[in-house]
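For reference, the structure discussed in these notes is given below.
Protein chains: 2
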Amino acid sequence: MAADEVRCALLGAGTVGTQVARLLGEHRADLAARAGAPLRLVSVLVTDRERPRPHLAAALAGLAGTPAAEGAIVTDRPEDVWRSAPDVVIEVMGGIEPARTLLLAAMAQGAAVVTANKALLAADGATLHAAAAAAGVDLYFEASVAGAIPLLRPLRESLAGDRVRRVMGIVNGTTNYILTRMTQGGLDFATALAAAQRLGYAEADPSADVDGLDAAAKAAILAQLAFHTRVTLADVSVVGITGVTATDIANARDLGLVVKLLAIAERVGGDEEEQDGVIVRVHPTLLPASHPLANVHDAFNAVFIEAEAAGDLMFYGRGAGGAPTASAVLGDIVAVARNRVRGTTGPGESTYADLPVLPIDRARTRYQLALDVLDRPGVLAAVAAVFAAHGVSIEVVRQDALPEPGPAVAEARLIVRTHTARESALAATVAELAGLPTVDRVVSVMRVAGGAEHR
Amino acid sequence: MAADEVRCALLGAGTVGTQVARLLGEHRADLAARAGAPLRLVSVLVTDRERPRPHLAAALAGLAGTPAAEGAIVTDRPEDVWRSAPDVVIEVMGGIEPARTLLLAAMAQGAAVVTANKALLAADGATLHAAAAAAGVDLYFEASVAGAIPLLRPLRESLAGDRVRRVMGIVNGTTNYILTRMTQGGLDFATALAAAQRLGYAEADPSADVDGLDAAAKAAILAQLAFHTRVTLADVSVVGITGVTATDIANARDLGLVVKLLAIAERVGGDEEEQDGVIVRVHPTLLPASHPLANVHDAFNAVFIEAEAAGDLMFYGRGAGGAPTASAVLGDIVAVARNRVRGTTGPGESTYADLPVLPIDRARTRYQLALDVLDRPGVLAAVAAVFAAHGVSIEVVRQDALPEPGPAVAEARLIVRTHTARESALAATVAELAGLPTVDRVVSVMRVAGGAEHR
Numbered sequence: 002m003a004a005d006e007v008r009c010a011l012l013g014a015g016t017v018g019t020q021v022a023r024l025l026g027e028h029r030a031d032l033a034a035r036a037g038a039p040l041r042l043v044s045v046l047v048t049d050r051e052r053p054r055p056h057l058a059a060a061l062a063g064l065a066g067t068p069a070a071e072g073a074i075v076t077d078r079p080e081d082v083w084r085s086a087p088d089v090v091i092e093v094m095g096g097i098e099p100a101r102t103l104l105l106a107a108m109a110q111g112a113a114v115v116t117a118n119k120a121l122l123a124a125d126g127a128t129l130h131a132a133a134a135a136a137g138v139d140l141y142f143e144a145s146v147a148g149a150i151p152l153l154r155p156l157r158e159s160l161a162g163d164r165v166r167r168v169m170g171i172v173n174g175t176t177n178y179i180l181t182r183m184t185q186g187g188l189d190f191a192t193a194l195a196a197a198q199r200l201g202y203a204e205a206d207p208s209a210d211v212d213g214l215d216a217a218a219k220a221a222i223l224a225q226l227a228f229h230t231r232v233t234l235a236d237v238s239v240v241g242i243t244g245v246t247a248t249d250i251a252n253a254r255d256l257g258l259v260v261k262l263l264a265i266a267e268r269v270g271g272d273e274e275e276q277d278g279v280i281v282r283v284h285p286t287l288l289p290a291s292h293p294l295a296n297v298h299d300a301f302n303a304v305f306i307e308a309e310a311a312g313d314l315m316f317y318g319r320g321a322g323g324a325p326t327a328s329a330v331l332g333d334i335v336a337v338a339r340n341r342v343r344g345t346t347g348p349g350e351s352t353y354a355d356l357p358v359l360p361i362d363r364a365r366t367r368y369q370l371a372l373d374v375l376d377r378p379g380v381l382a383a384v385a386a387v388f389a390a391h392g393v394s395i396e397v398v399r400q401d402a403l404p405e406p407g408p409a410v411a412e413a414r415l416i417v418r419t420h421t422a423r424e425s426a427l428a429a430t431v432a433e434l435a436g437l438p439t440v441d442r443v444v445s446v447m448r449v450a451g452g453a454e455h456r
Numbered sequence: 002m003a004a005d006e007v008r009c010a011l012l013g014a015g016t017v018g019t020q021v022a023r024l025l026g027e028h029r030a031d032l033a034a035r036a037g038a039p040l041r042l043v044s045v046l047v048t049d050r051e052r053p054r055p056h057l058a059a060a061l062a063g064l065a066g067t068p069a070a071e072g073a074i075v076t077d078r079p080e081d082v083w084r085s086a087p088d089v090v091i092e093v094m095g096g097i098e099p100a101r102t103l104l105l106a107a108m109a110q111g112a113a114v115v116t117a118n119k120a121l122l123a124a125d126g127a128t129l130h131a132a133a134a135a136a137g138v139d140l141y142f143e144a145s146v147a148g149a150i151p152l153l154r155p156l157r158e159s160l161a162g163d164r165v166r167r168v169m170g171i172v173n174g175t176t177n178y179i180l181t182r183m184t185q186g187g188l189d190f191a192t193a194l195a196a197a198q199r200l201g202y203a204e205a206d207p208s209a210d211v212d213g214l215d216a217a218a219k220a221a222i223l224a225q226l227a228f229h230t231r232v233t234l235a236d237v238s239v240v241g242i243t244g245v246t247a248t249d250i251a252n253a254r255d256l257g258l259v260v261k262l263l264a265i266a267e268r269v270g271g272d273e274e275e276q277d278g279v280i281v282r283v284h285p286t287l288l289p290a291s292h293p294l295a296n297v298h299d300a301f302n303a304v305f306i307e308a309e310a311a312g313d314l315m316f317y318g319r320g321a322g323g324a325p326t327a328s329a330v331l332g333d334i335v336a337v338a339r340n341r342v343r344g345t346t347g348p349g350e351s352t353y354a355d356l357p358v359l360p361i362d363r364a365r366t367r368y369q370l371a372l373d374v375l376d377r378p379g380v381l382a383a384v385a386a387v388f389a390a391h392g393v394s395i396e397v398v399r400q401d402a403l404p405e406p407g408p409a410v411a412e413a414r415l416i417v418r419t420h421t422a423r424e425s426a427l428a429a430t431v432a433e434l435a436g437l438p439t440v441d442r443v444v445s446v447m448r449v450a451g452g453a454e455h456r
């Protein structure tokens with residue numbers, strides 16, 4: 002690289018890319034002071050060079066005095082990018098391909114990479130990390146999880162002398178918005194989803210969000226950062242929010258709980274009986290109303306970290322949007338540029354712990370079940386006996402007669418919250434409960450998080 | 002330094018120092034993997050070598066196989082520390098002297114410094130930073146603000162491509178515990194303080210906490226990190242919580258607000274009319290109950306950041322205690338050790354912005370006033386006219402008759418919340434109100450923070 006500047010190529014000029022270009026112009030002097038050399042935008046790769054892009058043009062105009070200002074650096078041909086000799090390649094196009102091929106080519110040429118691409122990192126981060134290590138270049142990806150919220154440096158650097166036990170995150174703004182509307186407005190899922198779509202918080206096809214897949218990709222990246230172990234999307238156990246009903250939320254509220262879609266990565270075992278490993282899962286979760294995550298509303302994201310020495314930490318902020326995501330990208334660009342100016346690199350992928358990823362039936366958590374049961378003597382005793390037979394200890398029981406118009410036979414709604422139990426024991430309990438003649442149906446089973454200090 | 006290890010000297014072996022020694026032993030393998038070389042504790046400086054220190058001895062025993070394990074490295078003579086040839090000097094003794102002299106000596110010898118010393122950094126950080134720059138060594142101080150909460154890297158690195166507008170922090174656990182008890186238990190200040198003292202949250206002489214001086218030192222450090230400008234303790238405008246009454250808290254609750262002691266650092270001006278600069282202040286502040294900082298209870302700390310591109314961010318966690326503070330110290334040790342192994346240094350002091358620190362009367366905020374007024378016609382009009390005369394716009398007014406037993410003359414309690422106003426205009430308003438014949442007394446004046454989105 003030229004010692005007097007850091008040459009930056011931008012792959013993708015959508016909402017985030019345009020904001021990155023804008024900030025590179027507006028904050029030019031600050032960025033140069035922090036990086037130790039001016040950052041120069043030398044190419045912008047787009048899919049179709051002919052499409053009018055007024056916002057990008059306006060952003061580039063802020064780079065007055067450079068070829069960028071005239072838009073001469075915008076191209077739809079990767080070879081133009083390589084010809085521009087970038088020191089840093091900034092990928093904000095998203096998707097697996099062609100992003101992967103482009104980033105591998107960039108690193109092979111010795112360029113550092115900054116990417117916001119959670120899908121690629123969760124699906125095939127190992128290939129990217131290996132390429133970065135082989136080329137001796139930086140690979141930074143702060144913007145890939147929870148948008149503007151700093152997590153990469155806190156997890157990889159600030160907590161480098163500690164041990165993380167568990168990470169729990171609200172990492173998908175769409176589902177948090179829907180659950181917030183269901184909780185605060187008493188809406189059902191379909192109505193809340195429609196509201197989210199009207200406001201642009203949910204896509205026309207909302208499945209990646211509401212089925213939990215977006216959160217699962219982020220869970221994999223968080224788990225890798227927290228536990229220094231490779232985790233991919235395929236390792237994550239996922240349940241979305243499409244099955245969450247207004248009744249679930251009302252039942253939760255009656256017991257001082259709220260429903261959140263959490264991405265949870267935790268370290269388990271390590272004693273003589275249990276295999277050491279990590280479990281990574283995404284599912285609707287009940288949280289005490291006083292838990293810090295319970296107060297994260299609307300499209301905000303937050304990540305709650307339980308560490309051995311540090312105790313509880315939480316990081317809160319905007320998880321999506323052009324400017325917030327661009328803020329995280331810019332922080333990475335400065336770090337990578339500064340490293341290049343100094344001829345060094347930052348901490349790379351950390352996988353030395355190399356823990357196995359364990360199946361969710363190894364997880365231990367509390368559960369809350371709602372059962373519709375026949376309203377007659379002895380039913381509660383029969384239900385309690387099933388829990389006891391599987392070694393699942395009951396913490397709270399609440400029984401209410403079901404309101405009219407009810408079923409032909411008098412029934413009651415039974416809410417049971419358990420103490421911590423093994424997932425496999427709970428599954429066996431539920432299967433047996435469903436077969437009891439006195440149980441009409443198992444209405445819902447939900448996991449409960451948040452320690453005793455938040456009850 | 003020896004290329005095959007990083008030699009660490011520990012100055013101070015109190016609560017934090019003992020935990021640092023413990024973690025250096027327990028996490029030895031992880032730390033070596035993350036730093037790129039083993040960390041070896043080569044000396045521990047204490048004030049009195051003869052005093053029994055069972056916890057330190059137990060921690061050092063965890064460093065089995067090194068001279069540290071036998072306690073042979075514990076000394077009360079600084080020359081023994083220098084003789085141990087440390088690469089990194091870890092200062093957790095606190096106070097201005099002898100910490101400053103020792104750290105300057107360490108850097109002059111080429112050792113990097115990790116310190117948790119907020120008092121020293123706030124009083125004379127410039128001297129330390131200059132010494133680090135002159136010696137070309139790292140000076141890291143994550144643990145000096147808000148204990149375990151990562152702030153140094155988020156503010157200095159993650160937000161390096163953004164612009165921070167305002168930082169608001171609950172950075173003193175003692176006062177947050179007292180205010181939480183006053184709010185949740187209806188206690189008065191003296192009773193809540195006594196409870197905090199019983200639990201060890203407050204010192205026998207609580208003045209550094211309750212008078213806001215501890216928070217002010219942290220505010221100075223936060224302001225420097227956020228605004229790349231030098232700020233010292235003397236620049237901070239400070240009001241503590243000794244004047245906060247149970248009535249203030251009840252009045253706040255009636256209007257959906259809570260009282261928190263906030264450290265606020267903000268950037269002001271920059272347009273043609275106003276001088277660009279920063280204002281740094283600590284005072285009891287009213288926050289909407291839905292604001293994320295309003296839900297930070299007990300001895301927890303949190304720092305809320307408003308940035309141009311990132312939007313609102315919050316970082317939450319334990320602000321004090323041996324293990325949480327040691328976690329932050331260890332993160333710094335790993336970073337500094339890793340830099341030394343690679344022959345580089347991290348980002349140093351950033352003061353390029355060089356903004357002036359402006360007096361608090363340049364601040365613009367909302368205010369809430371409580372006034373006891375005579376309960377007769379025309380009083381409200383007279384009060385409102387005073388606000389109008391000083392250009393202070395009223396947002397909310399609430400008037401209640403004072404309960405019996407009241408004063409001899411019928412009086413009412415008037416609560417007035419203003420729109421954003423200049424501090425100097427509000428001061429003039431209050432002075433004139435106090436002189437009105439119909440105003441018995443100005444019961445309280447409190448600043449209000451938190452934007453419209455949290456109302």
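Protein chains in written order, with my numbering: chain A, 2 to 456; chain B, 2 to 456.
We put the beta carbon where it would ideally sit given N, CA and C, even for glycine.
Count the other CB atoms within 10 Å of the CB of residue i; is the residue buried (16 or more) or exposed (fewer)?
i, result
"His420(B)", "exposed"
"Arg442(B)", "exposed"
"Tyr353(A)", "exposed"
"Thr230(B)", "buried"
"Asp362(B)", "exposed"
What does residue i reach in chain A if we use C-beta pairs closer than 7 Å?
i, result
"Ala149(B)", "Ala311, Gly312, Leu314"
"Ala133(B)", "In chain order: nothing, as chain A lies at least about 16 Å away."
Whole angstroms are fine: how far does the CA of residue j sit from the CA of residue i?
i, j, result
"Arg199(B)", "Ala209(B)", "17 Å"
"Ala217(B)", "Pro360(A)", "49 Å"
"Asp249(B)", "Asn173(B)", "20 Å"
"Arg456(B)", "Arg418(B)", "Here Arg456(B) scores only 39 on pLDDT, less than 50, and its place in the model should not be relied on; the value that follows carries that caveat. So the two alpha carbons sit approximately 13 Å from each other."
"Leu381(B)", "Val240(B)", "29 Å"
"Ala426(B)", "Glu275(B)", "16 Å"
"Ala14(B)", "Pro68(B)", "17 Å"
"Glu51(B)", "Gly170(B)", "41 Å"
"Val75(A)", "Leu46(A)", "6 Å"
"Asn340(A)", "Ala112(A)", "12 Å"
"Gln400(B)", "Ala422(B)", "22 Å"
When every heavy atom of the ligand ATP is checked, does at least one fall within less than 8 Å of the C-beta of residue i?
i, result
"Ala161(B)", "No copy of the ligand ATP occurs in the structure displayed, which carries no ligand at all."
Quick one: list the residues of chain A neighbouring residue i, beta-carbon separation under 8 Å, in chain order.
i, result
"Pro39(B)", "Residues of chain A passing the Cβ test: none, with the nearest at roughly 14 Å."
"Pro348(B)", "Arg35, Arg339"
For a contact defined as C-beta to C-beta under 8 Å, what are the partners of residue i on chain B?
i, result
"Pro438(A)", "Simply none; closest approach about 46 Å."
"Gly332(A)", "Glu158, Ser159, Leu160, Ala161, Gly162, Asp163"
Under 9 Å between beta-carbons, which chain A residues line up against residue i? List them in chain order, please.
i, result
"Ser351(B)", "Ala34, Arg35"
Output, in chain order, the set of chain B residues within a Cβ distance shorter than 9 Å of residue i.
i, result
"Asn173(A)", "Per Cβ cutoff of 9 Å: no residues; Asn173(A) is ~17 Å from chain B at best."
Task: beta strand (DSSP E) runs contained entirely in the stretch 281 to 309 of chain B, provided each spans 3 or more residues - done: 301 to 308
Open item on the list: In chain order, what are the residue ranges of uninterrupted alpha helix (DSSP H) at least 4 long that sit wholly in the stretch 73 to 111 of chain A?
Closed with: 79 to 84, 100 to 109
Open item on the list: What ranges does the alpha helix (DSSP H) occupy inside the stretch 28 to 58 of chain B, keeping only unbroken runs of at least 4 residues that lie completely in it?
Closed with: 29 to 36
- [ ] Determine, using beta-carbon pairs with one atom in the stretch 258 to 268 of chain B and one in the stretch 287 to 299 of chain B, whether at least three such pairs fall under 8 Å.
- [x] yes
Open item on the list: What ranges does the beta strand (DSSP E) occupy inside the stretch 157 to 241 of chain A, keeping only unbroken runs of at least 3 residues that lie completely in it?
Closed with: 165 to 171
- [ ] Indicate whether the contact test is met: 3 or more Cβ pairs, each with one atom in the stretch 161 to 177 of chain B and one in the stretch 126 to 140 of chain B, closer than 8 Å.
- [x] no
Task: Inter-stretch contact (C-beta, 8 Å, three-pair minimum) for the stretch 5 to 16 of chain B and the stretch 385 to 395 of chain A - done: no
Open item on the list: Does the stretch 321 to 329 of chain B come into contact with the stretch 140 to 154 of chain B, if we say contact requires no fewer than three beta-carbon pairs (one atom in each stretch) closer than 8 Å?
Closed with: yes
Task: Cβ pair count under 8 Å reaching 3, the stretch 182 to 197 of chain A against the stretch 306 to 324 of chain A - done: no
TODO: Output the residue ranges of the beta strand (DSSP E) runs that lie fully inside the stretch 336 to 370 of chain B and measure 3 residues or longer, sorted by chain position.
DONE: none
TODO: Report yes or no: do three or more beta-carbon pairs, one from the stretch 119 to 129 of chain A and one from the stretch 99 to 111 of chain A, lie closer than 8 Å?
DONE: yes
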